[in-house]
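Data first, discussion second: the structure below is written as structure tokens.
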């Protein structure tokens with residue numbers, strides 16, 4: 688019985704420590720059911736998820752290029768809107784779901800591993 692309880696505790700602890708991240712083997716560039724491209728509204732409360740904006744690209748889990756016009760077509764292209772959006776985000780200093788960096792080119796999930 689102790690072995691079963693110990694195994695359950697180990698599995699629970701491992702899953703609790705696993706990072707959420709935006710890299711998913713089955714659905715890359717998707718987080719909590721939202722594709723990470725499209726029209727995005729920045730809100731102060733009740734976001735779909737919280738993001739932290741990093742100054743250093745090598746510490747970001749998603750490289751994001753802002754589009755002022757046109758349709759976002761690739762992972763990490765966001766058109767910031769005030770109205771109807773594909774998903775909403777709140778910019779936070781801690782407690783983020785994932786980290787982003789604003790970029791001018793090559794949006795998407797970095798190819799190199801992210802530094803903590």
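Numbering (our numbering), first residue to last: 688 to 803. For every residue, glycine included, the Cβ atom is placed at its ideal position computed from N, Cα and C.
Using the three-state DSSP reduction, which class does residue i fall into: helix, strand or coil?
i           : result
residue 744 : helix
residue 733 : coil
residue 698 : In this predicted model, residue 698 has a pLDDT of only 40, less than 50, meaning its place in the structure is not dependable; the value taken from the coordinates is given anyway. DSSP places residue 698 in helix when its eight states are reduced to three.
residue 772 : coil
residue 787 : strand
Let me confirm a value: residue i is counted as buried when at least 16 other C-beta atoms fall within 10 Å, else exposed. Which label applies?
i           : result
residue 689 : For residue 689, the pLDDT reaches just 49, beneath the cut-off of 50, and the residue's location in the model is therefore unreliable, leaving the point undetermined.
residue 759 : buried
residue 757 : exposed
residue 795 : buried
Is it true that the CB of residue j sits closer than 9 Å to the CB of residue i?
i           : j           : result
residue 786 : residue 730 : no
residue 752 : residue 784 : no
residue 797 : residue 748 : yes
residue 733 : residue 774 : no
residue 776 : residue 728 : yes
residue 724 : residue 763 : yes
Going by C-alpha to C-alpha distance, which of the options sits closest to residue i?
i           : options          : result
residue 738 : 780, 757 and 765 : 780
residue 750 : 761, 782 and 726 : 761
residue 770 : 763, 726 and 721 : 726
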